[in-house]
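Taking it in order: structure first as structure tokens, then the write-up.
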Amino acid sequence: MSNAELLDPPAPAAVTQASLALPAASSWLSLERLSFRYRGGREALSGLNLELAPGIVGLLGPNGAGKSTLMRLIATLARPSEGRICWDGVDTAKDPNLLRRTLGYLPQEFGVYPALSAREFLSYLAAVKGLSRAQSSMRVDHCLAQVGLDEVAERPLAEFSGGMRQRVGIAQALLNDPRLLIVDEPTVGLDPEERLRFRSLLTELASDRLVILSTHIVSDVEASASLLVVLEGGRLRYHGHAETLMADAQGHVWDWVVPAKHLPKLRAEHRISAALHRVDGVQLRVIADSAPSADAVPAQPTLEDAYLRLRSNMGGA
Amino acid sequence: MRRFHAIVLADARQRWRAPRLGACLLALVAATWFCFPSAEAGYRVLGIGHYRVAYSSAWVGMVVAMLMSLLSLVGFYLVRGTLTRDIESRCWQLLVATPLSRSGYLLAKWLSHLLLLGAVALGMLVVAGIALSVRADTAAFDPMQMLLPLLLLGLPALGICALCAVLFDLVPVLRRTLGNALYVVLWVGMLASASISGGNEGQPVVRLGDVHGISVFKRDLNRVAAEQGVDANAERVCLLCGSGATAAEPMTWKQWSPAPADLLGRVFWLLLPLPLLALAARGLDRAAASPASQAPNRPGVRPLRWLQSMLWPLQRQSDCALASLELQHALRERSLLAWGALLVAWIAQLVASPAVASISVIGAWAVFLPMFSRAALREREFGTAAVVFSSVSATSRLFRVRAMVLLLLGFVCAAPALARFAVTDPWVFLALLSLVASLAAWALALGSLTGSARPFELLFVVGGLLALNGVGALDASAAPGSTLLVHTALLPLALLLLAFAWPRSSRVAGCA
Numbered sequence: 001m002s003n004a005e006l007l008d009p010p011a012p013a014a015v016t017q018a019s020l021a022l023p024a025a026s027s028w029l030s031l032e033r034l035s036f037r038y039r040g041g042r043e044a045l046s047g048l049n050l051e052l053a054p055g056i057v058g059l060l061g062p063n064g065a066g067k068s069t070l071m072r073l074i075a076t077l078a079r080p081s082e083g084r085i086c087w088d089g090v091d092t093a094k095d096p097n098l099l100r101r102t103l104g105y106l107p108q109e110f111g112v113y114p115a116l117s118a119r120e121f122l123s124y125l126a127a128v129k130g131l132s133r134a135q136s137s138m139r140v141d142h143c144l145a146q147v148g149l150d151e152v153a154e155r156p157l158a159e160f161s162g163g164m165r166q167r168v169g170i171a172q173a174l175l176n177d178p179r180l181l182i183v184d185e186p187t188v189g190l191d192p193e194e195r196l197r198f199r200s201l202l203t204e205l206a207s208d209r210l211v212i213l214s215t216h217i218v219s220d221v222e223a224s225a226s227l228l229v230v231l232e233g234g235r236l237r238y239h240g241h242a243e244t245l246m247a248d249a250q251g252h253v254w255d256w257v258v259p260a261k262h263l264p265k266l267r268a269e270h271r272i273s274a275a276l277h278r279v280d281g282v283q284l285r286v287i288a289d290s291a292p293s294a295d296a297v298p299a300q301p302t303l304e305d306a307y308l309r310l311r312s313n314m315g316g317a
Numbered sequence: 318m319r320r321f322h323a324i325v326l327a328d329a330r331q332r333w334r335a336p337r338l339g340a341c342l343l344a345l346v347a348a349t350w351f352c353f354p355s356a357e358a359g360y361r362v363l364g365i366g367h368y369r370v371a372y373s374s375a376w377v378g379m380v381v382a383m384l385m386s387l388l389s390l391v392g393f394y395l396v397r398g399t400l401t402r403d404i405e406s407r408c409w410q411l412l413v414a415t416p417l418s419r420s421g422y423l424l425a426k427w428l429s430h431l432l433l434l435g436a437v438a439l440g441m442l443v444v445a446g447i448a449l450s451v452r453a454d455t456a457a458f459d460p461m462q463m464l465l466p467l468l469l470l471g472l473p474a475l476g477i478c479a480l481c482a483v484l485f486d487l488v489p490v491l492r493r494t495l496g497n498a499l500y501v502v503l504w505v506g507m508l509a510s511a512s513i514s515g516g517n518e519g520q521p522v523v524r525l526g527d528v529h530g531i532s533v534f535k536r537d538l539n540r541v542a543a544e545q546g547v548d549a550n551a552e553r554v555c556l557l558c559g560s561g562a563t564a565a566e567p568m569t570w571k572q573w574s575p576a577p578a579d580l581l582g583r584v585f586w587l588l589l590p591l592p593l594l595a596l597a598a599r600g601l602d603r604a605a606a607s608p609a610s611q612a613p614n615r616p617g618v619r620p621l622r623w624l625q626s627m628l629w630p631l632q633r634q635s636d637c638a639l640a641s642l643e644l645q646h647a648l649r650e651r652s653l654l655a656w657g658a659l660l661v662a663w664i665a666q667l668v669a670s671p672a673v674a675s676i677s678v679i680g681a682w683a684v685f686l687p688m689f690s691r692a693a694l695r696e697r698e699f700g701t702a703a704v705v706f707s708s709v710s711a712t713s714r715l716f717r718v719r720a721m722v723l724l725l726l727g728f729v730c731a732a733p734a735l736a737r738f739a740v741t742d743p744w745v746f747l748a749l750l751s752l753v754a755s756l757a758a759w760a761l762a763l764g765s766l767t768g769s770a771r772p773f774e775l776l777f778v779v780g781g782l783l784a785l786n787g788v789g790a791l792d793a794s795a796a797p798g799s800t801l802l803v804h805t806a807l808l809p810l811a812l813l814l815l816a817f818a819w820p821r822s823s824r825v826a827g828c829a
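Have a look at this one:
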């Protein structure tokens, strides 16, 4: 039985099975029955169990799935309502500094001091992170070069574009050479070239550290993540390799060219992952267990198709 | 009309969902109870000389109307900021792309402020009504007489307060500390103009210089007092009369009937905001596009090399290195004018009379007031909290660093005076030391407790104005012994508040 099948809802117990099926021998970060409730009582995360080892973990899920909350909990900015997060076997609620020493965190939204130059801002954050003056100077130069901002390092941040500010955010997350790097929507605002550069940077970094990458851009996860975690409604829905999920979707993705006028009706009837207008009609990519029509031909699933199929099985999307 | 309603409603929702504001309003309304003391209480809030006016609907309504002059001070800090929020959160960019007219937008903002202030006023009136039923000397209850002073005297004052809140948000340089400080000065000016307008029977009846209607009230109280045989020349009308009224003699105030000319004056103040808002709407686009509105920092400011060299010794220790960086970054944002003002204050501290030297110290602190009032809010205002507070021991380190920076700043601003008084008057020297510690502690405590710079700024400016009048709240030389005693005694309270509020504030900012 495949992972994806195991995780078809309702099957929270199967999630645990799937998790246990993955190698957890060299786990650095473990989440044990992790739950988080807001003050009003709304549950953002519920009973999460995860063991994470070095590599890139892609965190996927629809809006409001609990991804950013999970990241804030791991980054020790909030405390779990129940359960615990252990870093190197130590509960981070009891000793947050153990994790913070080796943490790099890029939140989804962050601000900068516009009057400071990129170098000054990073030097300031290096001091906040407790780096010595010598270390700080070296790391700031290195990180600026890593994100391609070394030539504009003296310019005030007020003059930076959104993408450049995002790169400053990435640079600050790398300042203390973290073993755990948490990046929330890191490629938002980056141009395609910078996105590629960031993906290779992540792959480079992931050889000896744990990178948690949360994004809505499934292709970013497909290109770099070694492990995939899918959350929905604060619950763990999938935990496994991207290849496995894609293999499960094999035979469930179809290419189908239809006349443009049929599109609204077909959208209502089928799960469509893409629609491309062509001269002879619209080429649809349909997620379905069987061919939607005799004209439809099987297609090679992408991670996006597989993710949509998973969500569709869960009753979402 | 729907757009108008939508803006007012959105502002109201945004406001009422902030628990701090609700607590603040409740406290204000609750405090009204103490403005209606029993006949045996040793104080009065409003009266004439040593006479106690018997509680009646008309008198209770008048007290509430006069309290509006105080609400127009505090209320400004409660309501201001919604326009700035729209501009800085870029909501304005969404609104500007709609057919909404600029003047309609400003009018809706003004009305939204006025509604909030009006709600507080009504709450106060309800409390006043309860006080009347408990403490009234007469059973008669006249709701019209209760409401009339509030509508005619209080409402125009609140309208002007709401107008200032809109206009100050509109002008980029007034959106922050300077605006907060300037409003206190403006408010004092308005009160002073009411005094100049006088309150005697023979003066012109359309009193355009009196926003709060105080002169109208004084005139009528003097008239009623004279009718009851009270010598109006010997007994002064007082607002916040204070204690010493235990042996007060009774007088009555059964009803208030404003003259037609009074109505004209009040309608003038009530309607004045409308043309001014229409005029201000012309500058709205320019104001919203101003770079100063995007962030409190001014971009492109050169580093202060001399300061870097001076602070070099601090680089050896981790906390000191961070404090040095924070100090450099904050001080470089001060304008040349600010440095010039500091220089003048330093010279005055050295050569002027002790009283002026002491005032100069307050002036020097005022130059750096934003650094004090916003020290606890830096991460929240710039959105760096998640990055900063996920660092090792960031909460405690930043507290130490910010305290260090503020203490250093406080000492440096007062350095010449400290040196001078250390030799000439040790009590003033000690009072100054206590003031420096008190400023740093209260700036951090109030900032982290309220999440706003305004309470500290308000207290500081009021303290400064009191000092100019010879009261030793911030003036070390006026009464050094009591200044030392009060500030030292209050320091543990500030530290206690800090111990509670600082970690909580960091947590909230980090999770925002």
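Keeping their order, the protein sequence lines are chains D and V. If you read the first sequence in the working numbering, its first letter stands for residue 1, the second for the next number, and so on. If you read the second sequence in the working numbering, its first letter stands for residue 318, the second for the next number, and so on. Backbone N, C-alpha and C fix where the C-beta goes; we use that ideal spot for every residue, glycine too.
{"Query": "Amino acids of chain D, ordered along the chain, whose beta-carbon sits closer than 8 Å to that of V:V705", "Result": "L125 and V128"}
{"Query": "Chain-order list of residues whose beta-carbon lies under 7 Å from that of V:L749 (same chain, five-residue window excluded)", "Result": "V678, A731, A734, L735, F738 and A793"}
{"Query": "8 Å Cβ cutoff, V:G274 in contact with chain D", "Result": "Nothing in the structure corresponds to residue 274 of chain V, since chain V is present only between 318 and 829."}
{"Query": "V:A482 - DSSP class collapsed to helix/strand/coil", "Result": "helix"}
{"Query": "C-alpha gap between V:R320 and V:P473, whole angstroms", "Result": "25 Å"}
{"Query": "Residues bridged to V:M568 (per DSSP)", "Result": "V:V370"}
{"Query": "Residue ranges of each alpha helix (DSSP H) within the region 722–792 of chain V, 4 or longer", "Result": "732–741, 743–767 and 771–785"}
{"Query": "Start-to-end residues for the beta strand (DSSP E) that takes in D:E82", "Result": "E82 to W87"}
{"Query": "Continuous alpha helix (DSSP H) assignments of at least 4 residues falling wholly in the region 425–472 of chain V", "Result": "460–466"}
{"Query": "C-alpha gap between D:E120 and V:L591, whole angstroms", "Result": "47 Å"}
{"Query": "Continuous beta strand (DSSP E) stretch holding D:E304: start and end", "Result": "Not the beta strand (DSSP E): D:E304 falls in the alpha helix (DSSP H), residues L303 to M314."}
{"Query": "D:P156 (DSSP reduced to helix, strand or coil)", "Result": "strand"}
{"Query": "Distance between D:A127 and D:D192 (C-alpha atoms, nearest Å)", "Result": "It is Pro, not Asp, that sits at residue 192 of chain D in the sequence shown. Cα-Cα distance, rounded: 32 Å."}
{"Query": "Beta carbon proximity, D:Q172 to chain V, threshold 8 Å", "Result": "yes"}
{"Query": "Test: D:V111 CB closer than 8 Å to a CB of chain V", "Result": "The question names Val, but residue 111 of chain D in the sequence shown is Gly. For D:G111, the answer is yes, since a Cβ of chain V falls inside 8 Å of its Cβ."}
{"Query": "V:F817 to D:Y307 span [Cα, whole Å]", "Result": "46 Å"}
{"Query": "D:H277: first and last residue of the uninterrupted beta strand (DSSP E) it sits in", "Result": "R271 to R278"}
{"Query": "Neighbouring residues, chain D, relative to V:V709 (Cβ below 8 Å)", "Result": "N97, R100, R101, K129 and G130"}
{"Query": "Host beta strand (DSSP E) of V:I365 (start-end)", "Result": "Y360 to I365"}
{"Query": "Residues within the region 70–84 of chain D neighbouring chain V, beta-carbon criterion of under 9 Å", "Result": "R72, A75, T76, L77, A78 and R79"}
{"Query": "Distance between beta carbons of V:M379 and V:W573, contact taken as under 8 Å", "Result": "6 Å"}
{"Query": "Coarse secondary structure for D:E51, derived from DSSP in three states", "Result": "strand"}
{"Query": "Reference D:G66, options D:V221, D:S214, D:A294 and D:A299, closest by Cα", "Result": "D:S214"}
{"Query": "Alpha helix (DSSP H) segments (min. 4 residues) lying fully within the region 579–650 of chain V", "Result": "590–598, 601–606, 622–627 and 635–648"}
{"Query": "Listed by chain order, chain D residues near V:E650 by CB distance under 9 Å", "Result": "A115"}
{"Query": "Beta-carbon gap between D:I325 and D:V253 smaller than 8 Å", "Result": "Residue 325 of chain D falls outside the range modelled here, since chain D spans only 1 to 317, and no answer is possible."}
{"Query": "Assigned exposure category for V:L343 - 16 Cβ within 10 Å defines buried", "Result": "exposed"}
{"Query": "Buried/exposed call for D:P320, threshold 16 Cβ in 10 Å", "Result": "Coverage of chain D is limited to positions 1 through 317, which leaves residue 320 of chain D absent and any answer about it impossible."}
{"Query": "Members of the region 619–644 of chain V that neighbour chain D once the beta carbon cut-off is set at 8 Å", "Result": "P620, Q632, S635, A638, L639, L642 and E643"}
{"Query": "Spatial distance of V:S765 from V:R821 (CA atoms)", "Result": "8 Å"}
{"Query": "Chain-ordered chain A contacts of V:H646 [CB-CB under 8 Å]", "Result": "Among the protein chains of the structure shown, namely D and V, there is no chain A."}
{"Query": "Interface partners of D:P107 on chain V, CB under 8 Å", "Result": "A703 and V704"}
{"Query": "Buried/exposed call for D:K265, threshold 16 Cβ in 10 Å", "Result": "exposed"}
{"Query": "Proximity test, Cβ basis, 8 Å: D:R37 and chain V", "Result": "no"}
{"Query": "D:P23 (DSSP reduced to helix, strand or coil)", "Result": "Any answer about D:P23 is weak, because its pLDDT of 47 lies below 50 and its placement is not dependable; what the coordinates show is given next. Residue state, collapsed to three classes: coil."}
{"Query": "Cut-off 7 Å between Cβ atoms - residues of its own chain near V:R397, not counting five sequence neighbours on either side", "Result": "A482, F485 and D486"}
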